[in-house]
Structures are given as structure tokens and as C-alpha cells.
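Worksheet for the structure shown next.
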Amino acid sequence: MSAAAGRRLAPGPLEYGRRAWMRLTLLATFVFLYAPIATLIAFSFNDSRRNIVWRGFTFKYYEKAWNNDSLIEAFVNSLTIAFVSTLASTVLGTLAAVALWRFRFPFKGPHEAAMALPIVIPEICMGVAMLAFFARIGWPTGLPWPLNLGAITIAHISFSFPFVAVVVRARLANFNRELDEAARDLGASEWQAFRDVLVPYMLPGLVAGALLAFTLSLDDFVITFFTSGPDTVTFPVKVYSMVRFSVTPEVNAASTVLIAITLLITGIALWLQGRSGARQLPGKG
Amino acid sequence: MKEVRGASTEPPIVEIRGVTKRFGAGRPAVDSVDLEIPRGELFALLGPSGCGKTTLLRMLAGFETPTAGEIRIDGADVAGVPPNRRPVNMVFQSYAVFPHMSVFDNVAYGLKVTGAPVAERRERVREALGLVRLDGLEARKPDQLSGGQRQRVALARALVKRPRVLLLDEPLSALDAKLREAMRLELVNLRIAVGITFVFVTHDQDEALSMADRIAVMEHGRVRQVADPAALYEYPSCRFVADFIGKVNLFEASASAGRDREGRLVLEVPGLGALPVPHPEPVQQGEIGLAVRPEKLRLGESRPDAEIVFEATVEDFAYYGSETRLFLVTEGGVRLSATVPNTDRGPVRIERGARRFVSWAPADTLVLTE
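For the record, the sequence lines run as chains A and B.
Last residue of the first sequence: 291 in the numbering used here, with the numbers rising by one and none dropped.
Last residue of the second sequence: 406 in the numbering used here, with the numbers rising by one and none dropped.
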């Protein structure tokens, strides 16, 4: 009604969201992050073998990918490895984090640093090291499925459990030790206190660490490439070999499915966390 | 007639004998402490931060192991008994209410882990929550509670276990001033209602004086004095206790001039002259301190008829509502502080530079030899 209400006010000191340069930066960030992915998904529906010009909408390449037995096999391999390695690295990483947080022992500092090494060592070195290691100890090859995935799974566990440990350790840093002592004081054994107080507290860290381990395993190429044999091809390795001939929409379709699965799992994890958080909100009983 | 066992013949619920706790090299955190806490007492461990009071409490709870000495709870030596098997429970400074459990589950936890039947659990939790007046909040989560309510949860959670001794670590320090005042009274009443021995740790002398039946004052890991609040305040055993509990004017006597005709000790204080003090015990030369509480000082505009009287100038004063504190300097250059209750309404009739006669009774003077 008044003149001020009609006119747009200049942005306030902290209203960054209303500033042109901030909006531009945000836009640029989103374009850089998601334009390639959007293109990948869009062209998975492209009715063209060459995959350069848009020729029309089709599900043909999804069908083709679905009927590509070696691609499906690689996909199942990847999911199996990711599942087992996530489980193992979550348990191992959590135990390592708890041990480093809870106890004092000689060479604790070096121990902690050594455990974080797989995070900083170049992947290519880890890959070569794994290859050399499994060759040296004479790891059996030609085992039936899924035992033939053992070497890759072990390699995946060894590079993903430090990530879990780091995430869980960060969560533990803010733990109020009096909570643990309170449980002990009320009659809980050390195990009961761990189960009833520490684990529920660590849960968001566990979920985050497990998610991280899962995605790390699912899309790892370098280390997997060095530890996989001809009969143990994983999804990234398979996609790579397909791309070497040409980038067909089939590859796009398979990648889109992988993105969808990753988003679904992340969504489920967020929903689970949100649900446990919602129970703590006031008046929503 | 039935024989009634007197409180004095009953063995103490907590016996601490020669307990020392060392964390690495250096001065021990707790240094050969001997204490006896009778059944049903509200006992305070009072001292500045780092005096070892919390370490002593944690040794009672079983979270620390004494380096030397013996702790008996209800007659039994508790050496090597883990915290979950001791007949004591603790209210932590941070309350340590489990954030992921409801009020009910928090209070029931101690019964659940020891395998109490569900029906008994429900009944005892209801009873404990009623005791701390939290009925109706069973389903709430800790983050939906106020600080005071969280403390009640911590209290109920400990009391539901029916401990022989309830340990409280700085129970009121996290509450705001008004609530703290109210909780003091409530804790005292709660102790009377449940009849359990309470041992609490505090650095707040007001808290200890207003709540405790008896107080142990600690300094550098040692117990300096154990007494009831009034005895502690009026008859401190040493300079540290006199200074730590309440406010005090402390003087060092340079020499003893012997005893006067009434048998009182006459002490020479630099700047104040010879002061008579009733103190029948013999004293050694050269280590005698004198203390007078500020509220024992009387101020007048004309010279009163008193044995101990000085003329002094008001250097500064501070108005506290219920009382006014004055900081004075005598002719001899000795600084004194005095508290005057504001019994009358109206403006404060004092100003800087005013002259006042300060006097106190010889019987209000404390002789400190430690």
C-alpha cells in the first residue's frame, strides 16, 4: 500500500541469497556439479547409436543393458562386494574408533596415523600393493562365485574401513563420558553400557560411515582393476571396457541405474535417521 | 522396653581410611584422607577446584581406584568392586541423562539391566518420578526437558536403585541462581523423605552451609576440617578454612604479650596494637593468626564503650540489597571489611572518606594457629 511495500527493498547485510553475485555463484556451482550427470541421464534415453545428437526418446538401451549378461554379472558382483565390504569395514572401523577413543596405550599416536594411511596413499599405489600382495601369498584363483570375489572384497575393506573409523571417531569426540559412567553406575556391565549407551550415540556416525564405505566400494575402479581377474569383473571395470569401444547409450543406461540405486540408498539412510530424530521432537508423540 | 539403638552406636555407612590417590608423579590428588559418614547424613565435600573432592567421590562410586587406603561402604570393603556392583548411585555434574531414552526408560534403565521384572520396574519408576515430582512426563525425551527437570530425572534414576549412599557431583552448579536456591531446599527435603545418606561435592560454600549436616573442607587433597556448618563458620580450625568459608578479616599476630588478669591471651597485631582474646589453650609464639568475621564488626559515629575499638576511614562500600559491605582503613593502616545489615529502608547513609569507629567483642575473635 505504501511506497515502501511496492518497491523492492535492497538486500540486508546478511541476505546473501538476494545478491546477484551469490545467486550467480550458486548457479555456476550447480551447473558444474550436475550438468554432466543430467546429460548422462538424458542421453540414456536417446534413440541413437552414436550418442551425440538427440534422435528421440526410447527405453531401448535399458532393455539392452538388462539383457547384457556380462554387464548384469558385473553389477551383481559390485553389489555383492559393496555389501560385504560395507558390513566388514563398518564393524572394523567402529571397533578401531572405539579402541582409539576409549583406551590409552603405547604408540597410540603412530597407530592412529598408520590407520589413516589408506586414506592418503595414492590409489594407484594401493592397487599395485594389493596386486603384489595377493600374488606373493598365492591367493587362490578360479574359486566358485562368490568366493572368487574374496581378493577384491578384502582390498575394498582395507581402504574403506579407515573412512568409517574417522567418521565414527569424530562423532565420539563429543561423547560425554559421564553417560557411559552413568550406565555403569546404574548396574550395567561394560558390554551393556557399550550396547545401550555408546552404540545408540554412535549410530549417526555408523550410518554415515557405512554409506561412505558402500559408495567407495561400489564405484572404486583403480584398486579393483588391479585385484580383479577375467572372471571377477565389477561394474566400473565393465563400464570402462565398454567405453573403450564407444560410449553407447547402454553405458549411460547402466550408469543411470547405478545413480538411482545410490540415491535410493542415501534416501533410505536419511529417512531412517530423520525418523529416529523425529521421535525426539516435542509434542509429536 | 525395646532397646533403641542410638545413632552414635551404629557403624558409619561410609568409612574412608588413609585413602590416597595419585595420578602419576607429583602431589597426590587425594592425600591420606580419613572420614566417617554416619547413616542418614547429608554430607558435603567442600573445597576449591582441584582439591580432590571429586576424585574422592569417584573413588566411592568405583570410577577411580585408591592408590592406598581402604573404603568401606555399609561395613564392606569395596576394593576391587566395580561401579555396577556397588550399593551407591551417583548424580553426575552433567546429569548424564541418556539422550536417546524417554524419561521413563532413563529411570527404568538401572532396573532393566539388572533384570527386574517389568511390573516391578513400572511400579518403582512411578514411585521415583513421584518423589521428584516428574509425574506425567514419562514419555518426554531429555531434550524436551528444562535443566531442572533433567536433574530430577538424574535424581530419580539414581534413587530408583535404592542405593545405600547417593553421591552427587556439583548437583546444583548447572542451574540458574533462582532454581539453585529452590533445589537446595528440595534436596534436603528429598533426603529426609527417602532416608538415604547423601554425599555431595561442591565448591560453593553457601550451598554446603545451607544444605549439609556436616561438611569436610578439603585443600590440596587433604581434609582440613570436618564439622557442622555453624562450627565450621564460627570456629574454623585454620586460616584456609576461615578464609574459604565466608568472608573474614585476617591478621597475623607479631607476638604474644602473655595473658591478662582474666586469663585471656593478649596478642600484639601490627597496626592494631594489643588485642585480648579468650583462648584457654596454650599457643606457640610466632604462628598465631587472628580472624574476625565482617558481620561481627560494629560501626558507630561516636566512640563506643568497647575494649577493642579503632577509628577508621571508609575507603569504599558496596550495596548488596540485604546488606552493605564497607571497606575501611584504620589509623594504623590496617584494612578491615565490615558488613552492615540494611534493616531500615531508605538511602544508604555512608560515603567514601567518612570516619567511623569500628569495634568488636574479644569473644568474636578467632585464634588460628594453623
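The C-beta atom is built at its ideal place from N, Cα and C for all residues, glycine as well.
Contacts around residue i, its chain only, beta-carbon distance under 7 Å, and the 5 residues preceding and following it disregarded
i, result
"E359 of chain B", "T375, V376, P377, N378"
"A399 of chain B", "P314"
"G146 of chain B", "R193, V196, K197"
"A71 of chain A", "L77, E256, A259, A260"
"D225 of chain A", "P242"
Outcome for residue i when other beta-carbon atoms lying within 10 angstroms are tallied against a minimum of 16
i, result
"T90 of chain B", "buried"
"M28 of chain A", "exposed"
"R381 of chain B", "exposed"
"F36 of chain A", "exposed"
"K290 of chain A", "Since pLDDT at K290 of chain A reaches only 31, below the 50 mark, its modelled position is unreliable, and the value read off the structure follows with that caveat. When all chains shown are included, K290 of chain A counts as exposed."
"A276 of chain B", "Going by the sequence as given, residue 276 of chain B is Phe instead of Ala. Its Cβ being crowded by 16 or more others within 10 Å, F276 of chain B is buried."
"A9 of chain A", "Residue confidence for A9 of chain A is low, a pLDDT of 48 falling below 50, so the modelled location carries little weight and cannot support an answer."
"C131 of chain A", "exposed"
"R122 of chain B", "buried"
Spatially closest choice to residue i from the options, by CA coordinates
i, options, result
"Y207 of chain A", "A:F111, A:L185, A:D191, A:A120", "A:L185"
"G193 of chain A", "B:F287, B:N225, B:N125", "B:N125"
"I228 of chain B", "B:Q261, B:L202, B:A252, B:Y355", "B:L202"
"V328 of chain B", "B:A342, B:V403, B:A390, B:L301", "B:V403"
"T230 of chain A", "A:R142, A:L209, A:M136, A:R190", "A:M136"
"A357 of chain B", "B:P383, B:V133, B:L93", "The displayed chain sequence assigns Gly, not Ala, to residue 357 of chain B. The candidate whose alpha carbon is nearest that of G357 of chain B is B:P383."
"A157 of chain A", "A:S261, A:G273, A:T238, A:L20", "A:T238"
"A248 of chain B", "B:A266, B:V154, B:V259, B:R260", "B:A266"
"V370 of chain B", "B:G86, B:V305, B:A342, B:L165", "B:V305"
"A179 of chain A", "A:A105, A:L153, A:G148, A:T233", "A:A105"
"I58 of chain A", "A:T272, A:V253, A:T268, A:L264", "A:V253"
"F169 of chain A", "A:I143, A:L30, A:L222", "A:L222"
"A175 of chain B", "B:G151, B:P135, B:R53, B:V50", "B:P135"
"L93 of chain B", "B:P74, B:G111, B:Q129", "B:Q129"
"P330 of chain B", "B:A65, B:E323, B:A115, B:F353", "B:F353"
"L71 of chain B", "B:L372, B:M254, B:P316, B:E159", "B:M254"
"A132 of chain B", "A:N154, A:S234, A:A188", "A:A188"
"D264 of chain B", "B:G54, B:I49, B:F79", "B:F79"
"I125 of chain A", "A:L101, A:F165, A:G99", "A:F165"
Three-state secondary structure assigned by DSSP to residue i
i, result
"M254 of chain B", "strand"
"D141 of chain B", "helix"
"A9 of chain A", "Because the pLDDT at A9 of chain A is just 48, under 50, the model does not fix this residue reliably, and the value given afterwards should be weighed accordingly. In this structure, A9 of chain A counts as helix in the three-state DSSP scheme."
"A176 of chain A", "helix"
"N120 of chain B", "helix"
"T298 of chain A", "Since the first residue shown for chain A is 7 and the last is 291, residue 298 of chain A is missing from the structure and cannot be characterised."
"N52 of chain A", "strand"
"E21 of chain A", "coil"
"A229 of chain B", "helix"
"D9 of chain B", "Since the displayed chain B opens at 37 and closes at 406, residue 9 of chain B lies outside it and no answer follows."
"W151 of chain A", "coil"
"N125 of chain B", "strand"
"G184 of chain B", "helix"
"D113 of chain B", "strand"
"R14 of chain A", "coil"
"G211 of chain A", "helix"
"G294 of chain B", "strand"
"A210 of chain B", "coil"
Sequence-distant residues of its chain with Cβ nearer than 8 Å to residue i (five each side left out)
i, result
"S338 of chain B", "F393"
"E39 of chain B", "Residue confidence for E39 of chain B is low, a pLDDT of 41 falling below 50, so the modelled location carries little weight; the figure read from the coordinates is stated next. Contacts found: none."
"L270 of chain A", "none"
First and last residue of the uninterrupted beta strand (DSSP E) at residue i
i, result
"K57 of chain B", "50-57"
"F353 of chain B", "344-355"
"L364 of chain B", "359-366"
"L27 of chain B", "Nothing can be reported for residue 27 of chain B: it is not among the residues displayed for chain B, which extend from 37 to 406."
"F287 of chain B", "285-288"
"D205 of chain B", "201-205"
"F393 of chain B", "391-396"
"R334 of chain B", "334-336"
Endpoints, the alpha helix (DSSP H) within which residue i is located
i, result
"E187 of chain A", "183-191"
"F231 of chain A", "228-233"
"T96 of chain A", "75-108"
"S373 of chain B", "Premise fails: S373 of chain B lies in the beta strand (DSSP E), 371-377, not in any alpha helix (DSSP H)."
"G105 of chain B", "Here G105 of chain B belongs to no alpha helix (DSSP H); instead the beta strand (DSSP E) covers 104-109."
"F113 of chain A", "Segment: none, F113 of chain A is in no alpha helix (DSSP H) and carries neither H nor E."
"G133 of chain A", "129-142"
Neighbourhood of residue i by C-beta, 6 Å cutoff - its chain only, sequence neighbours within 5 removed
i, result
"T262 of chain A", "I47, S50"
"G307 of chain B", "G368, G369, V370"
"P17 of chain A", "R24, R25"
"R58 of chain B", "P64, T103"
"M95 of chain B", "P102"
"F139 of chain A", "none"
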